[in-house]
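Numbering (UniProt numbering), first residue to last: 1 to 529. One structure below.
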């Protein structure tokens with residue numbers, strides 16, 4: 001009975017991995033890039049003036065307030081995002097007019113306070129958003145597709161633990177140069193090394209859109225009406241704060257004294273958000289959000305009377321009960337609280353997840369090809385198709401991302417729809433590698449595409465130096481951590497692909513020599529008899 005159960009789990013583990021593997025690889029790879037999305041934003045928009053976090057918050061707030069008063073004076077809610085750390089490099093304003101008018105948002109130039117037109121590039125936000133809503137489709141459709149794949153990932157992780165009786169022993173076992181056994185060892189080592197991270201990131205990703213996947217949870221308590229959904233969002237995501245209009249006009253109190261009180265409590269430059277409810281009304285309220293990053297996604301909140309400027313209450317950072325568990329999971333998934341070393345650990349764990357998926361896909365094909373060759377059979381079409389899709393995705397997608405970066409530096413500044421064309425280049429590059437995988441001999445695919453990936457990443461710093469004038473040594477001398485870090489990361493990734501290309505080439509040469517020896521022995525066998 002136990003062996004039958006384990007066999008069923010092995011079947012489920014295998015086929016959930018094969019069915020969802022390519023999509024999950026894209027999700028892991030683009031989501032991992034998302035941990036450095038703001039740095040990629042800055043590299044792909046080199047002309048932006050980035051705010052110095054925590055500095056001149058009162059000036060930023062007044063500039064933002066002037067823009068909000070100009071754009072939406074009758075709004076029921078204004079929100080100002082102030083730079084505190086690398087997560088918010090630019091001041092931002094958000095306004096929500098009274099229904100049915102549509103709201104909006106805008107980034108502001110830190111120097112002038114004028115709205116910025118970010119038409120140069122989507123930057124890292126394209127990669128970040130792609131990992132949960134995909135591309136070239138409505139975002140709601142992408143969220144559902146990724147959700148189904150994430151559930152498949154969770155099933156694959158749990159069944160993988162059940163299948164491996166010696167899961168922790170396998171962690172210390174790696175036998176290179178052994179064909180399918182080596183791929184299995186690599187898959188096991190990668191799986192066990194970051195298993196807690198994989199479980200957390202997959203489950204919390206589902207929690208992110210739990211109310212999208214299971215809308216009846218909210219509808220049962222709040223009703224399936226626009227008013228009910230709005231009440232649910234206000235209570236769950238906005239703290240349940242409802243401040244009705246008093247119906248009497250009144251000027252908004254100056255923000256400077258409120259920010260000064262926040263600085264006295266939290267320290268200078270620690271206000272991340274200013275939430276203004278019912279501005280211009282006698283019932284206005286101003287909430288200051290602390291910029292302290294924690295896994296619970298928020299710090300304290302100070303609530304002021306919007307007319308008198310009097311401090312009404314200070315709310316604790318930690319919500320209670322189920323909301324705390326919900327926010328903790330989302331905070332761990334986003335990693336916005338993480339310092340640079342911890343973000344690098346997130347990044348490495350994400351890459352390990354992509355590698356785990358890739359090795360699982362390759363293991364499936366190598367085992368079946370070996371089984372077919374031992375039986376004297378020709379590999380069937382499905383196996384050959386998966387082999388080529390594996391190469392075209394495992395290496396082709398990183399090449400497509402490199403094409404995205406290359407397009408950012410090479411496309412004309414005046415090109416209409418420039419950000420969209422950068423995204424098109426990503427998919428054209430990936431599609432080109434899929435076409436290459438379909439046309440070239442199987443034995444050469446891995447080495448050839450790895451060599452292309454190595455060149456694409458190794459030459460990016462040189463391209464950046466020629467097009468922006470901000471070469472690596474200049475960035476290091478100026479202390480420009482973003483540009484220097486990006487160039488160094490590209491060199492490291494390119495070197496890794498170069499090493500992989502060398503190993504793939506040696507493995508292909510060895511396999512070809514072995515095949516020739518076996519063919520020769522079969523030809524000489526009758527003569528020896």
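Note that beta-carbon positions come from the ideal geometry of N, C-alpha and C, so glycine has one too. Owing to the predicted nature of the structure, the values given are computational and were not obtained by experimental measurement.
(message) Going by the DSSP bridge assignment, what does residue 285 pair with across the sheet?
(response) Within the chain shown, the letter at position 285 stands for residue 285. Answer is 277 and 305.
(request) May I ask you to list the residues that DSSP assigns as paired with residue 96? (result) In the chain shown, residue 96 corresponds to position 96, counting from 1. According to DSSP, residue 96 bridges with 77.
(message) For residue 282, tell me which candidate among 307, 268, 296 and 437 has the shortest Cα-Cα distance.
(response) The sequence position of residue 282 within the chain shown is 282, counting from 1. It is 307 whose Cα lies nearest to the Cα of residue 282.
(message) Please state the DSSP three-state secondary structure of residue 315.
(response) Here residue 315 refers to the residue found at position 315 when the chain shown is read from its first residue. DSSP places residue 315 in strand when its eight states are reduced to three.
(message) I'd like the list of long-range same chain contacts for residue 200, defined as Cβ closer than 7 Å, with 5 residues on each side in sequence excluded.
(response) Taking the first residue of the chain shown as position 1, residue 200 is located at position 200. Cβ within range, chain order: 332.
(message) Check this for me: beta carbons of residue 83 and residue 106, under 8 Å apart or not?
(response) Counting from 1 along the chain shown, the entry for residue 83 is found at position 83. Counting from 1 along the chain shown, the entry for residue 106 is found at position 106. Not closer than 8 Å, so no.
(message) To the nearest angstrom, how far is the alpha carbon of residue 420 from that of residue 198?
(response) Counting from one through the chain shown, the residue named residue 420 turns up at place 420. Counting from one through the chain shown, the residue named residue 198 turns up at place 198. Approximately 32 Å, taken between the alpha carbons.
(message) Measuring only the C-alpha atoms, how far is residue 236 from residue 65?
(response) Here residue 236 corresponds to residue number 236 of the chain shown, with the count starting at 1. Here residue 65 corresponds to residue number 65 of the chain shown, with the count starting at 1. One C-alpha to the other measures close to 27 Å.
(request) Less than 8 Å between the CB atoms is what I'm expecting for residue 259 and residue 58, so what's the real figure, rounded? (result) As a position in the chain shown, residue 259 is number 259, starting the count at 1. As a position in the chain shown, residue 58 is number 58, starting the count at 1. The Cβ separation is near 5 Å, so the contact holds.
(request) Spell out a yes or no on whether the region 406-413 and the region 357-366 are touching, meaning 3 or more CB-CB pairs, one atom from each, closer than 8 Å. (result) no
(message) In the DSSP assignment, the alpha helix (DSSP H) including residue 139 goes from what residue to what residue?
(response) Counting from 1 along the chain shown, the entry for residue 139 is found at position 139. Taken as a continuous stretch (DSSP letters only), the alpha helix (DSSP H) holding residue 139 covers 139-163.
(request) Leaving aside the five residues before and after residue 505 along the sequence, list all residues of the same chain whose C-beta is less than 6 Å from its C-beta, in chain order. (result) Position 505 of the chain shown holds residue 505. Taken in chain order, the residues that qualify are 447.
(message) DSSP three-state label for residue 528, please.
(response) Counting from one through the chain shown, the residue named residue 528 turns up at place 528. Residue placement at residue 528 cannot be trusted, given a pLDDT of 45 that sits under 50; what the coordinates show is reported in the next sentence. Helix, per DSSP.
(message) Which of the three DSSP states is assigned to residue 184 in this structure?
(response) Locating residue 184 in the chain shown gives position 184, counting from the first residue. DSSP places residue 184 in helix when its eight states are reduced to three.
(message) Quick test of the definition: if touching needs 3 or more C-beta pairs under 8 Å, does the region 113-133 touch the region 330-347?
(response) no
(message) If you measure between the beta carbons of residue 90 and residue 108, is that distance less than 8 Å?
(response) By 1-based counting over the chain shown, the position of residue 90 is 90. By 1-based counting over the chain shown, the position of residue 108 is 108. It is a contact, given that the beta carbons lie within the stated cut-off.
(message) Do residue 39 and residue 386 have their beta-carbon atoms positioned less than 8 Å apart in this structure?
(response) Translated into positions along the chain shown, residue 386 becomes position 386. Translated into positions along the chain shown, residue 39 becomes position 39. No, these two residues do not count as a Cβ contact at 8 Å.
(request) State the Cα-Cα distance for the pair residue 309 and residue 104, rounded to the nearest angstrom. (result) Reading the chain shown from its first residue, position 309 is the one you call residue 309. Reading the chain shown from its first residue, position 104 is the one you call residue 104. Their backbone Cα atoms lie some 26 Å apart in a straight line.
(request) Output the distance between the C-alpha atoms of residue 405 and residue 242, rounded to the nearest integer angstrom. (result) Working through the chain shown from its first residue, we reach residue 405 at position 405. Working through the chain shown from its first residue, we reach residue 242 at position 242. One C-alpha to the other measures close to 45 Å.
(request) Quick one: give me the first and last residue of the beta strand (DSSP E) that residue 205 is part of. (result) Numbered from its first residue, the chain shown carries residue 205 at position 205. Per DSSP, residue 205 belongs to no beta strand (DSSP E); it is in the alpha helix (DSSP H), 195-208.
(request) Per DSSP, which residues does residue 106 bridge with? Please list them. (result) Looking up residue 106 in the chain shown gives position 106. DSSP, once it has assigned bridges, lists 93 as partnering residue 106.
(request) Please specify which runs of the beta strand (DSSP E), each continuous and at least 3 residues long, are wholly inside the region 400-430, giving them in chain order. (result) none
(message) On the DSSP letters alone, give me the boundaries of the alpha helix (DSSP H) that residue 356 sits inside.
(response) The residue labelled residue 356 in the question sits at position 356 within the chain shown. Residues 340-374.
(message) Do residue 74 and residue 98 count as a contact pair if the criterion is CB distance below 8 Å?
(response) Locating residue 98 in the chain shown gives position 98, counting from the first residue. Locating residue 74 in the chain shown gives position 74, counting from the first residue. The answer is yes: Cβ separation under 8 Å.
(request) Assuming residue 234 contacts residue 222 (C-beta within less than 8 Å), just tell me the rounded distance between them. (result) Mapped onto the chain shown, residue 234 falls at position 234. Mapped onto the chain shown, residue 222 falls at position 222. With a Cβ gap of about 10 Å, residue 234 and residue 222 do not count as contacting.
(request) Just list the alpha helix (DSSP H) runs in the region 442-501, keeping only unbroken ones of 4 residues or longer that don't cross its boundaries, in chain order. (result) 442-458, 460-468 and 472-478
(request) May I ask you to report which of helix, strand or coil DSSP gives residue 530? (result) Residue 530 lies beyond the residue range present for the chain, which begins at 1 and ends at 529; the question has no answer from this structure.
(message) Helix, strand or coil, according to DSSP, for residue 390 in the structure here?
(response) Sequence index remark: in the chain shown, residue 390 carries index 390 (1-based). Here residue 390 sits in helix by DSSP.
(request) Please report the residue range of the alpha helix (DSSP H) in which residue 323 lies. (result) Looking up residue 323 in the chain shown gives position 323. Its alpha helix (DSSP H) spans residues 321-334.
(request) Have a look at 301, 325, 290 and 479 and flag the residue whose alpha-carbon is nearest the alpha-carbon of residue 203. (result) For the purposes of this step, residue 203 is taken as the residue at position 203 of the chain shown. Ranking the options by Cα distance to residue 203, first place goes to 325.
(message) For residue 491 and residue 400, I'd like the C-alpha separation in whole angstroms.
(response) On the chain shown, position 491 is the one that residue 491 refers to. On the chain shown, position 400 is the one that residue 400 refers to. Distance between the alpha carbons of residue 491 and residue 400 is about 17 Å.
(message) Using 8 Å for Cβ pairs, my map puts residue 389 next to residue 22. What's the rounded Cβ distance?
(response) As a working mapping, residue 389 is identified with position 389 in the chain shown. As a working mapping, residue 22 is identified with position 22 in the chain shown. Contact flag correct, Cβ pair sits at about 7 Å.
(message) By the DSSP assignment, the alpha helix (DSSP H) with residue 67 in it spans what residues?
(response) For the purposes of this step, residue 67 is taken as residue 67 along the chain shown, with counting starting at 1. Per DSSP, residue 67 belongs to the alpha helix (DSSP H) from 57-71.
(message) Just to confirm the assignment, what range does the alpha helix (DSSP H) spanning residue 38 have?
(response) Taking the first residue of the chain shown as 1, we reach residue 38 at position 38. Its alpha helix (DSSP H) spans residues 37-44.
(message) In the DSSP output, what is residue 290 paired with across the bridge?
(response) As a first step, residue 290 is located in the chain shown; it is residue number 290 there, counting from the start. Bridge partners of residue 290: 271.
(request) Please name the residue, chosen from 86, 471, 453 and 461, that lies closest to residue 496 on a Cα-to-Cα basis. (result) If you number the chain shown from 1, residue 496 lands on position 496. Among 86, 471, 453 and 461, the Cα nearest to that of residue 496 belongs to 453.
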